[in-house]
Structures are given as C-alpha cells and as structure tokens.
Amino acid sequence: MKTTSAQKIKIGLFTFVGLTVLVLVIFFIGNQKNLFSSTYRVHGTFKNVNGLQVGNNVRFAGINVGVVQNITIVTDSAVRVDLTLNNNVKKFIKTDSKISIGSDGLMGDKLIVIVPGGITSTQPVQDGGQLASIPPFDVDRIIGKLTKVADNAADLTGDLAAIVNKVNSGKGSIGRLLNSDKLSKDLEGTVQQAKTTMKNVHATTTTLNTDLKAAQSNFLLKGFFNKKKKKAQQDSVKKAQAAADAAAGKDKKE
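Everything in the sequence shown is counted per our numbering, starting at 1341 for the first residue and increasing by one.
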C-alpha cells in the first residue's frame, strides 16, 4: 500500500507536535529541578521532617530558589536534608542563615524555608556547607492539646448544666433557698424583726441619753456628778505627776 502525500504530511505534523510537547515537558521538568541552571548544594539536619519529600521546593524571601535533592536518615534522632539551590541567590544566603520546614498554604505540600542571616556573618555559605535548622512546628501535638482542652470544656459545661438543673429543681441548700416559699418568708420575717429590734435599741439609747442629761442638770444629783468629775481630774493629775517623777528618777540614774 502506497503512502500518499496527505498521509505523509499528517505523520510529519504528528511527529513535530509530539517532539515539541516532549521538549516542553523536558524543559519544564528541568526548570523545576534546576537541571539547566548553575546550582550548588547545602544541607541541614532535622529530628523530624514532617512529611517533607524529595523534589519539594526551597523558598527564600517567598521565592522558589531550589529543591530538596535528597533525604537521608542518619541516626534514630537525625535526618539529613540535602538542598540544591540556584547560584544566583548564593550571595544572599549567609553562613548564619537557618532552614525550617513549612507548607505551601494551610494544606499544601511541605517545603523548606530559608530564614535570612547576615547578623553574625557576612560570608555566603559555600557549596556543601551546612545550615542550622529550626525545629518544625508540630501540628499534630497542637491539635492533640486543643482536643484535650475542648474535651475539658465540654465536661465543665456538662457539670455546670447539672448544677443549674439541680438549683432549678430545688435540690441542695441553694436550690431550696431560692425555690422554697417558706424559707423566703422566714428570711423576710427575720430581716423585718432585726430592723424592729434595731429601732427599739436606737429609741432606748436616745431615752437613756436624755435621762442622763436630765440627771446631770438635777440640783440634787449635780453635786454627785461634779464630785465624780473632780475625782477623775485629780486621778489624771496624779498619774501625770507619777510619770514625770519616774522619768526624772531614770535620768538621775543615767
């Protein structure tokens, strides 16, 4: 079967489109993996990488500047993370810069974030250098604590609801006090009786004061009160004189 010119053209176009798509895919993947740009490598160590994977992005100042090249378990408490970074950001990443594990959005992929340094060092980190790491934020632990707090709050709410129900039902001392008409009336009567007693005491005190003033003004009792007042004054003078003599005797001894 002979191939016509139209079929040849179709095959040629299909091959061209396929090759173009293949080149674009290779270029896109190579650009993402920094295969066509000058790069250098640094590394850091974490206790827990929290789901970080090879190929995840590395960001500096909010810009993707590299990828996670390799993740290796060194010991039971140390995981080494190798990063491939673009050479054009090398001068900005100092030896005192730090790396931390973040996420692309709330539920996005994990990524490495480079925290700028330059405070204690002005030298850029070299190829193969190590950067200090910041422990990742343990979301699971925080969620566990929040769950525990929510459970405690639910228990407390239930206890309060039970107490309120008992009070409304008249159970317990407070419930009986608030809901019993008899206790309320007895309490009201006690308060009223206390008020009456205080009024009587006040009236009696007023009467006694009046009688005392009248007695002091009475001709027959006036001498008694004057004598009592004079004796009190004499006693005060004697006490003052005794205190003065005691002080004078003390000064002589010294």
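The C-beta atom is built at its ideal place from N, Cα and C for all residues, glycine as well. All values reported here derive from a predicted model rather than from experimental measurement.
Report the three-state DSSP secondary structure of residue i (helix, strand or coil).
i: Phe1559; result: Here Phe1559 scores only 49 on pLDDT, less than 50, and its place in the model is too uncertain to base an answer on.
i: Lys1434; result: strand
i: Ile1349; result: helix
i: Leu1314; result: Here the chain comprises residues numbered 1341 to 1594, so residue 1314 is not present and cannot be evaluated.
i: Asn1390; result: coil
i: Gly1469; result: strand
i: Gln1463; result: coil
i: Ile1411; result: strand
i: Ile1439; result: strand
i: Gly1445; result: coil
i: Thr1344; result: coil
Would you call the CB atoms of residue i and residue j closer than 9 Å?
i: Leu1423; j: Val1382; result: yes
i: Ile1433; j: Val1421; result: no
i: Gly1448; j: Arg1399; result: no
Does the beta carbon of residue i sit closer than 9 Å to a beta carbon anywhere in chain C?
i: Ala1534; result: Of the protein chains in this structure there is only one, and it is not chain C.
Quick test of your reading: residue i and residue j, contact by CB under 8 Å. State the CB separation rounded to the nearest angstrom.
i: Lys1485; j: Gly1391; result: With 8 Å as the limit, Lys1485 and Gly1391 do not qualify as a contact, their Cβ atoms being about 20 Å apart.
i: Pro1476; j: Lys1430; result: Not confirmed; about 25 Å, so no contact.
i: Val1408; j: Asn1396; result: 5 Å
i: Val1453; j: Val1419; result: That belief does not hold up - the Cβ atoms of Val1453 and Val1419 are roughly 17 Å apart, past 8 Å.
i: Gln1470; j: Gly1384; result: 6 Å
i: Ser1473; j: Thr1435; result: Actually they are not in contact, since the Cβ atoms of Ser1473 and Thr1435 sit about 14 Å apart, beyond 8 Å.
i: Asp1467; j: Tyr1380; result: 4 Å
Which residues does DSSP pair with residue i in a beta bridge?
i: Thr1537; result: BP columns for Thr1537 are empty, so no partner.
i: Phe1400; result: Ile1403, Ile1454
i: Val1382; result: Leu1423, Gly1469
i: Ala1418; result: Thr1415
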